[in-house]
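Student:
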Amino acid sequence: MLQANIRQNLHVCVQIATKYHEQLGTNALIEIFESFKSFEGLFYFLGSIVNFSQEPEVHFKYIQAACKTGQVKEVERICRESNCYEPERVKNFLKQWRATKAKEMEKAAAIRNTRQLYRLIKETGINKSSVSEIISEKDDALTCSQSRRLERWAEHFREQFNWPSATLQLPSIPSQREWNIELGPPTLAEVQKAIVNLKRGRAAGLDGLAPEVFKDGGPILAIRLTNILAK
Numbered sequence: 065m066l067q068a069n070i071r072q073n074l075h076v077c078v079q080i081a082t083k084y085h086e087q088l089g090t091n092a093l094i095e096i097f098e099s100f101k102s103f104e105g106l107f108y109f110l111g112s113i114v115n116f117s118q119e120p121e122v123h124f125k126y127i128q129a130a131c132k133t134g135q136v137k138e139v140e141r142i143c144r145e146s147n148c149y150e151p152e153r154v155k156n157f158l159k160q161w162r163a164t165k166a167k168e169m170e171k172a173a174a175i176r177n178t179r180q181l182y183r184l185i186k187e188t189g190i191n192k193s194s195v196s197e198i199i200s201e202k203d204d205a206l207t208c209s210q211s212r213r214l215e216r217w218a219e220h221f222r223e224q225f226n227w228p229s230a231t232l233q234l235p236s237i238p239s240q241r242e243w244n245i246e247l248g249p250p251t252l253a254e255v256q257k258a259i260v261n262l263k264r265g266r267a268a269g270l271d272g273l274a275p276e277v278f279k280d281g282g283p284i285l286a287i288r289l290t291n292i293l294a295k
């Protein structure tokens, strides 16, 4: 089934291997998956039995398959929780595996293949925690105690969300005196000043009259305009 179509039959093959591994032999099944370079299938197969197996070979092959499929977190978990693998053998494998990945990263960086470089970085699990293990007190003193860090974070958020009411912070605005604005019709002096401020050569307004008409109209026009605006 693996030979016919690895991707399509992978799920079925893993199910069969998991169900009949005692009859078929775990080592024989490992060899089959490895011969087809189906490390994803090997990872899922061994993942279903590794927690119940005491065989160092099973744990080692599981770590190998996890590395080859980019499951670095699972490698860390097994190395932390399991006592059934050979530490020196695993250490040598991981050292060689990381050296190989480092060379692949160098090649990807040299040819500016950012997609390949990102994939390799993700596979090797090179990441940096976004949460600092050390935080600052109010007096800028550093603390690394977990209990104190939690207390400090609680204090920080209490301060952020316990602001005084916004209405208590409004500044007092002094009242301004009222302006006395004359709303009556313009005086003759105001009309004459407006005519003086007109500039020649401008386009006519909505009334179709050019500025020159008013500027050349003289005092008589100013008086008549004042009388018209006063009505």
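The letter at position 61 of the sequence shown is residue 125 when you use the numbering used here, and the numbering goes up by one with no holes.
Think of the CB as a built atom: it goes at the ideal place given N, C-alpha and C, for glycine as much as any other residue.
1. What do you reckon, are the CB atoms on ILE127 and ILE113 nearer than 7 Å?
2. Roughly how far, in whole angstroms, is the beta-carbon of LYS304 from the beta-carbon of GLU187, given that I think they are within contact range, below 8 Å?
3. Hey, would you say the C-beta of GLY89 is under 6 Å away from at least one heavy atom of the ligand GTP?
4. Write down the C-beta distance between GLY105 and LEU74 rounded to the nearest angstrom, noting that I regard them as a contact closer than 8 Å.
5. With respect to the alpha helix (DSSP H) encompassing PHE107, which residues constitute its N-terminal and C-terminal limits?
6. Terminal residues of the continuous alpha helix (DSSP H) containing GLN128?
7. Rounded to a whole number of angstroms, what is the C-alpha to C-alpha distance between PHE109 and ARG144?
8. Write down every uninterrupted run of the beta strand (DSSP E) in the segment 226 to 292 whose length is 3 residues or greater and which is fully enclosed by it, in chain order.
9. Does GLY248 come within less than 7 Å of chain C when only Cβ atoms are used?
10. How many angstroms separate the CA atom of ASN156 from the CA atom of LEU184?
11. Put SER200 into one of helix, strand or coil per three-state DSSP.
12. Along the chain, where does the alpha helix (DSSP H) that runs through ASN177 open and close?
13. For GLY282, I'd like the list of residues in its chain whose CB is within less than 7 Å of its CB, leaving aside the five on either flank, ordered along the chain.
14. Within this structure, are the beta carbons of PHE103 and THR133 separated by less than 7 Å?
15. Can you name, in chain order, every residue of its own chain whose Cβ lies under 6 Å from the Cβ of PHE365, other than the five neighbours on each side?
16. Apart from the five residues just before and just after GLU140, which ones in its own chain have a Cβ nearer than 8 Å to its Cβ?
17. Helix or strand or just coil, what does DSSP make of ALA163?
18. Around the C-beta of HIS123, are 16 or more other C-beta atoms found within 10 angstroms, so that it is buried, or is it exposed?
19. Return the first residue and the last residue of the alpha helix (DSSP H) that SER99 is part of.
20. Quick check: the Cα distance between PRO250 and LEU285, rounded to an integer number of angstroms?
21. According to DSSP, is GLN87 part of a helix, a strand, or is it coil?
Tutor: In this structure, then:
1. no
2. Here the chain comprises residues numbered 65 to 295, so residue 304 is not present and cannot be evaluated.
3. Absent from the structure shown: the ligand GTP. Ligands present: none.
4. 5 Å
5. 103 to 111
6. 120 to 132
7. 21 Å
8. none
9. In the structure shown, chain C does not exist; there is a single protein chain.
10. 20 Å
11. strand
12. Run containing ASN177: none; DSSP gives neither H nor E here.
13. none
14. yes
15. Since the first residue shown for the chain is 65 and the last is 295, residue 365 is missing from the structure and cannot be characterised.
16. GLY189
17. helix
18. buried
19. 90 to 99
20. 14 Å
21. helix
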